[in-house]
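As you go down the protein sequences, you meet chains A and B in turn.
All the letters of the first sequence, read from the start, carry residue numbers 0 to 292 under numbering that gives the first Met the number 0.
All the letters of the second sequence, read from the start, carry residue numbers 0 to 355 under numbering that gives the first Met the number 0.
Every residue gets a Cβ at the ideal spot worked out from N, C-alpha and C, and that includes glycine.
Following: one structure in structure tokens, then a few remarks.
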Amino acid sequence: MEKRAIYGGLALPLLLLTPQLLVTLVFFYWPASQAVWQSFLLQDAFGLSTRFIGLENYRELLSSPGYYRTIGTTALFSTLVTVLSLSIALVLAVQADKSIRGAGIYRTLLIWPYAVAPAVAGVLWLFMFQPSLGVLARGLRSLGVDWNPLLNGDHALALVVMAATWKQISYNFLFFLAGLQSIPRAVIEAAAIDGASPTRRFWTITLPLLSPTAFFLLVVNIVYAFFDTFGIIDAMTSGGPSKATETLVYKVFFDGRLGGDLGGSAAQSVILMVIVIALTAVQFRYIERKVAY
Amino acid sequence: MASLSLDNVKKVYPGGVEAVKGVSLQVPDRAFVVLVGPSGCGKSTLLRMIAGLETITSGTVKIGDRIVNDVEPANRDIAMVFQNYALYPHMKVFDNMAYGLRNRGMGEPEVKRRVDEAARLLEIGQLLDRKPRQLSGGQRQRVAMGRAIVRQPAAFLFDEPLSNLDAKLRVQMRVEIKKLQRDIGTTSIYVTHDQVEAMTMADILVVMNAGSAEQIDTPREIYQRPRTTFVASFIGSPSMNFLPAKLTGDGKGVIVGGVPIALTGGAHAAASTITVGVRPEEIVVGADGATHTVAIDVIEHLGADTIVHGKLVADGAAALTVRLVGYWPLAPGEILPVALHARALHLFDPTTGQRL
């Protein structure tokens, strides 16, 4: 049932909407349109001269191998973070859903990491894996691994993936746990009586019933890996070594803020914006319809 | 198909709560047993212990000749129908019914044959391609039944299967379940709090109270010779009337409200105080042979019956409910002459509640 309020004219609803519209305009549409406009411009590093160059920024971007490398890094990074954080969180949630002693404490502890700021999380992991000082780095070295995220790009990527995953597990855990707890116990019991082993119950009953939650989290996690991991990457590797951990969002910052290429950076932002819009559209299309069963 | 037996089955929860306090029960093959009692009496816990969903603290549960205390629910050869049906919401009706068969590695042609047969029996053939959410409550109930039937188990367990249906559908399904069980002949245990379901469906009725089986008997025996005041008050609607009374000096009569009534049976221990139970429908109204009078408080016209709530005009003024057949033009405040006949009286010990 849809609720509709009936207004006499247009003035009152507009007035009521004004604050929201203003906020959206000032903080979203205006900067966004600025970014789009900027992406058509060429500006010197000091902002003294500006020239309209049309799609030249995009053309340059799309013909640069470095940009594709960044796209590749982002895709790899996002896939790893999403898959790892979703699957680890699911395993933890399934365990926490069992009636075990101290379940409350266990759950609370698992939720804590979410309260840690991204940069702090990054620094924490950086310390643990710092080649000469880190507790875990030493362990790795004593196992014979030549661990050095400061020089080895794969190691650096592994490190940011770990930190970013760790940060997101709590969030996913919360949703998975809520999802698991909303599955009626009788359904699981019926499956047990129907002769399904615990493993088979998980794959044929629990997981399908969890699919709306899982799909929602998939989208949220991709968006997270794409955009919200900036703090972690900046604090840990600053995109290095030699851009091995540079994702799209970090490149926007690096090229625009540090490289002074405002036009190119704006063009990247616009491309990112298109990606967000696409992801959001997917999210709305499927989640709003409440998928699965 | 199998018999089923419980021997002194107990359930104690961590923390010491005794949910089931030693129930013994013999269920012959093909019998329909109903566990009835108020909520919290342990009837569902008992059923779940038979299903294997709750551990058994002590005692043994046997299905057929096998002790199943430590057997997984899947291997007990039972099927259960849950109160909220517990259908798999993401599966079509066909797959819901086929799930248990496929889990046991049955070949697809045989699965289809069994499901189709059960669907025909339950008249849900046209629903096989639907998801549970597209079904009405009554249809879901049938699917849940179907899921149990296809398995051809040793026993059916029903956990208040009709309590989510509306009154009319409940009556209809009650009759259908009973008929189906008779046709298939599978041993069944049925939990309910509804005394009408209990009375009409049971071959053997188990009245439970506070974790114990108060009486295990045929419904007729339970109605006619309740062993305790609890059973007497729980079965029958409106509830049985209980009146304080005294036995006469020779123990061959009883004094109710100052009026002596000669008992038909043998003598009881003399001069003791007892509780007399009399069902509202067994009180005879009319001036002829009246033993007592009732001052009417409230009258309920049910159409087929008239229920009169009043007080005995005598010392103590005990409350009395009388059920009269048909429409009676009575008014509150009127005095109704009634007769309590010896054959309608049930005598109980007032302290233990046991039948004398």
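Any chain A beta carbon closer than 8 Å to residue i
i      : result
B:R139 : no
B:N83  : yes
B:L34  : no
B:L204 : no
B:Y87  : yes
B:A50  : yes
Nearest neighbour of residue i, chosen from the options [CA to CA]
i      : options                           : result
B:D94  : B:L246, B:K178 and B:A117         : B:A117
B:P13  : B:K245, B:G285 and B:T56          : B:T56
A:A195 : B:A73, B:L344, B:V142 and B:K177  : B:A73
B:P218 : B:K9, B:R29, B:V8 and B:V33       : B:V33
A:I110 : A:L123, A:A92 and A:V122          : A:A92
A:T203 : B:G332, B:H89 and B:I334          : B:H89
B:M96  : B:A50, B:Q151 and B:S43           : B:Q151
B:K91  : B:H300, B:Q133, B:D165 and B:S43  : B:Q133
B:D287 : B:V253, B:A1, B:P331 and B:P336   : B:P336
B:D158 : B:L24, B:I183 and B:L45           : B:L45
A:T228 : A:L15, A:A10, A:T73 and A:A190    : A:T73
B:L381 : B:G276, B:L3 and B:A294           : In the structure displayed, chain B extends from 0 to 355; residue 381 of chain B sits before or after that span and is not available.
B:V26  : B:H300, B:L3, B:K42 and B:S43     : B:L3
B:R169 : B:R146, B:T186, B:A197 and B:A147 : B:A197
A:V281 : A:I221, A:R58, A:V186 and A:S169  : A:I221
B:G58  : B:A78, B:F81, B:K20 and B:V70     : B:K20
A:A266 : A:L15, A:L13 and A:L60            : A:L60
B:I176 : B:G104, B:P243 and B:V80          : B:V80
Chain B contact for residue i (CB, 8 Å cutoff)
i      : result
A:A185 : yes
A:L208 : yes
A:A189 : yes
A:Y292 : Per-residue confidence for A:Y292 stands at a pLDDT of 47, beneath the threshold of 50, marking its modelled position as unreliable; the derived number appears in the next sentence. Yes - at least one Cβ of chain B is within 8 Å of the one on A:Y292.
A:T164 : no
A:M0   : Low local confidence applies: a pLDDT of 45 at A:M0 is under 50, so the model's placement there is unreliable, with the coordinate-based value given in what follows. False, the Cβ-Cβ gap to chain B never drops below 8 Å.
Contacts of residue i in chain A (Cβ-Cβ under 8 Å)
i      : result
B:R103 : G194
Listed by chain order, chain A residues near residue i by CB distance under 7 Å
i      : result
B:I221 : Neighbours of B:I221 on chain A: none; closest Cβ ~30 Å, over 7 Å.
B:G99  : D193 and G194
B:A78  : I192
B:P72  : A191 and I192
Reduced DSSP secondary structure (H/G/I, E/B, other) of residue i
i      : result
A:S32  : helix
A:L125 : helix
A:N147 : coil
A:S268 : helix
B:N102 : helix
A:D254 : helix
B:T263 : coil
A:T228 : coil
B:V275 : strand
B:D348 : coil
A:L89  : helix
A:Y292 : Confidence at A:Y292 is low in this model, with a pLDDT of 47, below 50, so the placement of that residue should be treated as unreliable; the coordinate-derived value is given next. Note: A:Y292 maps to coil in three-state DSSP.
B:V312 : coil
B:D258 : According to the sequence as given, residue 258 of chain B is Val; it is not Asp. Residue state, collapsed to three classes: strand.
B:P108 : helix
A:H154 : helix
B:M90  : coil
B:E299 : strand
B:V114 : helix
B:G21  : strand
B:R322 : strand
Listed by chain order, chain B residues near residue i by CB distance under 7 Å
i      : result
A:I204 : Y87
Chain B contact residues for residue i, given Cβ-Cβ distances below 9 Å
i      : result
A:R199 : N102
8 Å Cβ cutoff, residue i in contact with chain D
i      : result
B:G184 : Annotation note: the requested chain D is absent from the structure, which comprises protein chains A and B.
Segment contact, 8 Å Cβ cut-off, at least three pairs: the segment 88-99 of chain A with the segment 169-179 of chain A: yes
Counting beta carbon pairs with one atom in the segment 224-243 of chain B and one in the segment 199-214 of chain B, are three or more of them shorter than 8 Å? yes
Give a yes or no on contact between the segment 331-341 of chain B and the segment 256-265 of chain B, applying the rule of three or more CB pairs nearer than 8 Å. yes
Are the segment 182-194 of chain B and the segment 36-51 of chain B touching by the rule of at least three beta carbon pairs closer than 8 Å? yes
For the pair the segment 127-140 of chain B and the segment 156-169 of chain A, tell me if three or more CB-CB distances fall below 8 Å. no
Just checking, does the segment 101-112 of chain B make contact with the segment 48-67 of chain B on the three C-beta pairs under 8 Å criterion? no
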